[in-house]
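J.: As numbered in our numbering, residues -18 to 198 make up the sequence shown, in order. Virtual Cβ for every residue (Gly too), placed ideally from N, Cα, C.
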Amino acid sequence: MSLSNYSQELLILFTRFPQPGSAKTRLIPLLGEQGAARLQRRMTEYMFALAREIREKRDVEVQVHYSGGHDTEVRHWVPAEFRLRRQCKGDLGKRLQSATNNAFAEGWGKIVVIGADCPYLTAEIMAEAFHQLQHADVVIGPALDGGYYLIGLRQQANCLWENVSWGTETVLRETSAHAINSGLSLAYLTPLADIDRPEDLTDLLQSAAAFPQVTDG
-18 MSLSNYSQEL LILFTRFPQP GSAKTRLIPL LGEQGAARLQ RRMTEYMFAL AREIREKRDV
42 EVQVHYSGGH DTEVRHWVPA EFRLRRQCKG DLGKRLQSAT NNAFAEGWGK IVVIGADCPY
102 LTAEIMAEAF HQLQHADVVI GPALDGGYYL IGLRQQANCL WENVSWGTET VLRETSAHAI
162 NSGLSLAYLT PLADIDRPED LTDLLQSAAA FPQVTDG
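So, in structure tokens, the structure goes:
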């Protein structure tokens, strides 16, 4: 794929189709299946809005890498201007490795990957990630729970996806160590909270009305 007529910057959004019972499963005890799915939908659609906003400021291509759902219903849900890719099988590391390596093989120069778990993310922070990739090999947005809400690359870095305890509070520390030990320069963005567990919802529900009516009933 030649990118002579395209931006060299690619934003990848990792998300799951908001199917009740399979979306935000760790939040189902608190929100119910329908409520957890509604939260997943709202948070993902917020990321769609951010992606559109950053495209107004930078020449950025957007891909949505999804799991769950049927291809036709996902295409109906995701804005038509965003390219779709179904995530490969495997843990998060394997899926990130596949997505980023395929993107570099297509010719993209700077790749930023986000999830749909951080409602505090802004288009300005995403733009800063692309800016930092002018000077750093890897840029990370640290999550307050020890993971990360964003990771950006300007070259393949398979070391980042191996020997990481995904879903634990050591993800950020292990990923950073792998980057440093491999001689990759590293930059960090503003630390933010993400929404993975019931306790993560407390501050969100107290401080914002962006995601109303998420609980069942």
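Can you list, in chain order, the residues of its chain with a C-beta nearer than 8 Å to that of A108? Leave out the 5 residues immediately preceding and following it.
T.: For the purposes of this step, residue 108 is identified with residue 127 of the sequence shown, where counting begins at 1. Around A108: I35, K38, R39.
J.: From A117 to S163, what distance separates their C-alpha atoms?
T.: Within the sequence shown, residue 117 is the residue found at index 136, counting from 1. Within the sequence shown, residue 163 is the residue found at index 182, counting from 1. Straight-line Cα distance between these residues: approximately 13 Å.
J.: Less than 8 Å between the beta carbons of V94 and I(-7), yes or no?
T.: Working through the sequence shown from its first residue, we reach residue 94 at position 113. Working through the sequence shown from its first residue, we reach residue -7 at position 12. Contact: yes.
J.: Output the boundary residues of the beta strand (DSSP E) element that contains K91.
T.: Taking the sequence shown and counting its residues from 1, one reaches residue 91 at position 110. Run containing K91: 91 to 95, per the beta strand (DSSP E) assignment.
J.: Counting pairs of beta carbons, one from the stretch 71 to 78 and one from the stretch 17 to 27, are three or more of them closer than 8 Å?
T.: No, they do not touch.
J.: So P10 is in the alpha helix (DSSP H); what residue range does that whole segment cover?
T.: For the purposes of this step, residue 10 is taken as residue 29 along the sequence shown, with counting starting at 1. First-last of the alpha helix (DSSP H) with P10: 9 to 38.
J.: Threshold first: 3 residues or longer. Then list the beta strand (DSSP E) segments lying entirely within the stretch 122 to 181, N to C.
T.: For the stretch 122 to 181, whole beta strand (DSSP E) runs of length 3 or above, ordered along the chain, are 129 to 134, 167 to 169.
J.: Any contact between the stretch 139 to 158 and the stretch 75 to 85? By contact I mean 3 or more CB pairs, one from each, below 8 Å.
T.: Output reads yes: the stretch 75 to 85 touches the stretch 139 to 158.
J.: In chain order, what residues of the same chain have a beta carbon less than 6 Å from the beta carbon of L(-9), not counting five sequence neighbours either side?
T.: Translated into positions along the sequence shown, residue -9 becomes position 10. If we look at L(-9) and ignore the five residues flanking it on each side, its Cβ neighbours are E42, A84, W89, I92.
J.: Would you call the stretch 121 to 134 and the stretch 168 to 177 in contact, with 3 or more CB pairs under 8 Å?
T.: The stretch 121 to 134 is in contact with the stretch 168 to 177.
J.: Quick one: is H159 buried, meaning 16 or more other Cβ sit within 10 Å of its Cβ, or exposed?
T.: Along the sequence shown, one-based indexing puts residue 159 at 178. Looking at its Cβ environment, which holds 16 or more other Cβ atoms inside 10 Å, H159 is buried.
J.: Per DSSP, what kind of secondary structure is V202 in: helix, strand or coil?
T.: Not covered by the structure: residue 202. The range shown for the chain is -18 to 198.
J.: Can you check whether the CB of A97 is closer than 8 Å to the CB of M28?
T.: Numbered from 1 along the sequence shown, position 47 holds the residue referred to as residue 28. Numbered from 1 along the sequence shown, position 116 holds the residue referred to as residue 97. Going by C-beta atoms, M28 is nearer than 8 Å to A97.
J.: What is the rounded straight-line gap between the Cα of L153 and the Cα of I132?
T.: For the purposes of this step, residue 153 is taken as residue 172 along the sequence shown, with counting starting at 1. For the purposes of this step, residue 132 is taken as residue 151 along the sequence shown, with counting starting at 1. Each residue's alpha carbon lies about 10 Å from the other.
J.: I'd like to know whether the C-beta atoms of V120 and A110 end up nearer to each other than 8 Å.
T.: Numbered from its first residue, the sequence shown carries residue 120 at position 139. Numbered from its first residue, the sequence shown carries residue 110 at position 129. For V120 and A110, yes; Cβs fall inside 8 Å.
J.: What's the gap between the Cα of E54 and the Cα of E150?
T.: Translated into the one-based positions of the sequence shown, residue 54 becomes position 73. Translated into the one-based positions of the sequence shown, residue 150 becomes position 169. When rounded, the distance between both Cα atoms is 34 Å.
J.: Going by Cα to Cα distance, which pick from G50, F63, Q137 is closest to A30?
T.: Along the sequence shown, one-based indexing puts residue 30 at 49. Taking only the C-alpha atoms, the option nearest A30 is F63.
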